[in-house]
Structure formats: structure tokens, C-alpha cells
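Heads up, the sequence shown is in the numbering used here, so the first residue is 1 and it goes up one at a time. Every residue gets a Cβ at the ideal spot worked out from N, C-alpha and C, and that includes glycine. Nothing here was measured: the structure is a model prediction, and the numbers come from that model. Below you'll find the structure, written out as C-alpha cells, and then a few comments.
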Amino acid sequence: MDVFIKFVQADYIGEADLQHLTHYKYSATDKSPIANYILKYYWNWAIEWIPRWMAPNLITLCGLGFVFINVLSVIYWISDLVGPGPKWLYWTFPVGLWLYSTFDNIDGKQARRTGTSSPLGELFDHGCDALDCSFSAVVLAGALGLGHTYYAVAFLLIIIIPFYMSTWEEYHTGVLYLGYFNGPTEGVLGACILMVISAVKGPGLWMDELQNVMNPVPEFIPPNWCLVDLILLFMLFSVVGLHIPNS
1 MDVFIKFVQA DYIGEADLQH LTHYKYSATD KSPIANYILK YYWNWAIEWI
51 PRWMAPNLIT LCGLGFVFIN VLSVIYWISD LVGPGPKWLY WTFPVGLWLY
101 STFDNIDGKQ ARRTGTSSPL GELFDHGCDA LDCSFSAVVL AGALGLGHTY
151 YAVAFLLIII IPFYMSTWEE YHTGVLYLGY FNGPTEGVLG ACILMVISAV
201 KGPGLWMDEL QNVMNPVPEF IPPNWCLVDL ILLFMLFSVV GLHIPNS
């Protein structure tokens with residue numbers, strides 16, 4: 001309990017870092033083809049629906065709120081992360097995550113068009129992103145019926161470690177680097193697709209052995225593997241092969 005109290009009472013950011021924050025200027029490199037050639041038009045369209053009086057930080061907070069509602073739904077209906085819960089519940093997961101992603105990508109546009117960009121706004125945005133990584137990992141584990149297993153832990157680590165490394169890199173280089181396949185774009189899209197499949201087929205699909213899902217199973221894949229094993233393997237390759245190399 002003492003450790004928790006000290007954590008709560010500790011300063012979120014120290015005095016030395018506050019001094020550096022006054023000189024901070026946002027700089028980012030996003031190499032995602034989907035973001036640069038497809039989704040940017042969607043985000044430009046979405047920002048037109050946001051009134052100019054709405055503060056960018058409020059947009060960020062509202063986006064996080066959608067995922068927080070998803071987390072509360074998981075706690076109430078599928079606290080064992082297995083389920084199955086009500087069928088309609090699984091449709092709310094991709095909707096909530098997609099709305100979060102949309103709001104997260106237009107809050108900066110709102111700040112620029114209203115002239116309210118600030119280092120503190122960027123700090124708040126990154127803080128909400130950090131919370132979302134853990135929240136979304138829990139929601140995804142529930143949506144895929146992973147239960148309280150090593151699979152759920154693996155999903156959590158694969159989601160939060162790249163975010164931590166990118167943020168650490170930005171701290172030292174001053175540039176936020178997002179690779180050709182990154183969490184905020186392809187990761188969110190992939191998670192939404194998996195959640196939609198769960199809504200259609202049910203969460204039990206992912207933990208079923210491949211030999212029960214496809215026939216025949218390619219010889220280079222262990223027959224007792226589950227679909228979730230392939231997903232984790234693909235996620236690991238995406239992080240190591242398509243995101244990290246140029247960072």
C-alpha cells in the first residue's frame with residue numbers, strides 16, 4: 001500500500017523535464033502506406049465533423065473513453081476473458097477501438113487548425129495512448145477468448161513494448177518514428193478485423209487447433225498450434241521486420 005501511495009503522490013513529470021518541455025516541438029515520421037495514402041483522407045473528412053470550440057485534449061479524452069467503456073464491458077460480461085458474452089458485445093469492441101483511433105488521429109489536426117498546439121497537449125495525448133495500449137490488450141484478449149493465459153500476456157507485451165520503445169526513441173531523438181507496419185495504423189486495423197471475425201464466428205475460433213480449422217495443415221506448421229499462435233507469430237514479425245529496422 002505504501003508503494004501505491006508514493007506512486008500516486010509522485011510528480012507525473014519532474015522539474016527538469018518541465019524545463020525541457022517548454023522547448024519541445026512535435027516531429028514525426030510515419031511510413032505507413034495505409035495512413036499516408038488511404039486513412040489520411042478519412043481523417044481529413046472526420047475532422048470536419050468536430051466543432052472548432054472543442055478542445056483537442058477533450059477529443060483525445062473522448063477517444064480514450066470509448067476504449068474505457070469496452071474495458072468495463074469486458075469486466076462485467078467476460079471477466080474470465082473467455083466468454084462467450086452476448087453476441088452484440090463483440091461488435092462494440094471494434095467500434096470502440098476504431099473511434100479511439102479516429103479521435104487520436106484528429107486531435108492534432110484540431111490543435112493545428114485552432115492554433116492550440118502545445119507540448120502539454122502532446123504529453124496528454126501520449127499518456128492516453130499509453131493507457132490505451134493496456135486497455136486495448138485486455139479488450140482484445142476478451143474478444144479472442146484468450147482467458148487468463150500466456151497468450152493474453154503475449155498480446156499485452158507485443159502491444160506495449162513497441163509503444164514504449166518508440167516513445168523512448170522520441171525522447172532521445174526528438175522524432176516519433178512509425179514504421180511501414182505500426183501499431184497506431186496497421187495494428188488497430190488488424191485488431192478491429194480480428195474483433196469483427198470474433199463477432200461473426202465467436203471467440204472460440206482462435207483457441208481451436210489448426211487441424212480442426214483447416215485441412216490439411218501445412219507441414220511446416222505444428223498441427224497442435226492454434227490460430228492465435230499464427231497471429232502472434234505474424235505480430236512479432238511485423239514489429240521486428242517492418243517497424244524496428246529503420247528506427
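So is residue i buried or exposed if we call it buried at 16+ other beta carbons inside 10 Å?
i    : result
Y37  : exposed
Y171 : exposed
S238 : buried
W168 : exposed
E50  : It should be pointed out that residue 50 corresponds to Ile in this sequence rather than to Glu. So I50 counts as buried.
Y100 : buried
I193 : exposed
H148 : exposed
V240 : exposed
F220 : exposed
P44  : Residue identity differs from the one stated: residue 44 is Asn in this sequence, not Pro. So N44 ends up on the exposed side.
In whole angstroms, what separates the C-alpha of residue i from that of residue j?
i    : j    : result
Q19  : L123 : 14 Å
M54  : A152 : 36 Å
T173 : T22  : 16 Å
Y180 : K31  : 5 Å
G115 : G121 : 12 Å
L176 : G83  : 38 Å
C62  : N215 : 45 Å
N212 : Y150 : 22 Å
P86  : S73  : 10 Å
N224 : A16  : 53 Å
R112 : D2   : 42 Å
S118 : H243 : 27 Å
P218 : E209 : 13 Å
K40  : R52  : 19 Å
P33  : N182 : 10 Å
C133 : K25  : 24 Å
N105 : F135 : 18 Å
T102 : S166 : 20 Å
Y42  : I5   : 43 Å
E48  : P222 : 50 Å
Rounded C-beta distance between residue i and residue j? I'm assuming under 8 Å.
i    : j    : result
A28  : L178 : 7 Å
F155 : A137 : 5 Å
I158 : M235 : 5 Å
I299 : D107 : As displayed, the chain neither begins before 1 nor continues past 247, which places residue 299 out of reach and without an answer.
L205 : L230 : At roughly 12 Å, the Cβ-Cβ gap does not stay under 8 Å, so L205 and L230 are not in contact.
P56  : Q110 : 5 Å
V139 : V196 : Contact flag wrong, Cβ pair sits at about 13 Å.
On the three-state DSSP scale, how would you describe residue i?
i    : result
E48  : coil
L81  : coil
D2   : helix
D208 : coil
A55  : coil
V239 : helix
T185 : helix
Y180 : coil
T29  : strand
Any contact of the stretch 59 to 79 with the stretch 94 to 104, i.e. 3+ C-beta pairs under 8 Å?
yes
Q) If we count Cβ pairs, one from each stretch, closer than 8 Å, do we get three or more for the stretch 176 to 191 versus the stretch 200 to 209? A) Too few Cβ pairs lie closer than 8 Å, so no.
- Counting Cβ pairs, one atom from each stretch, are 3 or more of them under 8 Å apart for the stretch 75 to 92 and the stretch 109 to 129? no
Quick check: the stretch 142 to 150 against the stretch 82 to 92, are at least 3 beta-carbon pairs closer than 8 Å? With a cut-off of 8 Å, the stretch 142 to 150 and the stretch 82 to 92 count as touching, because enough Cβ pairs lie within range.
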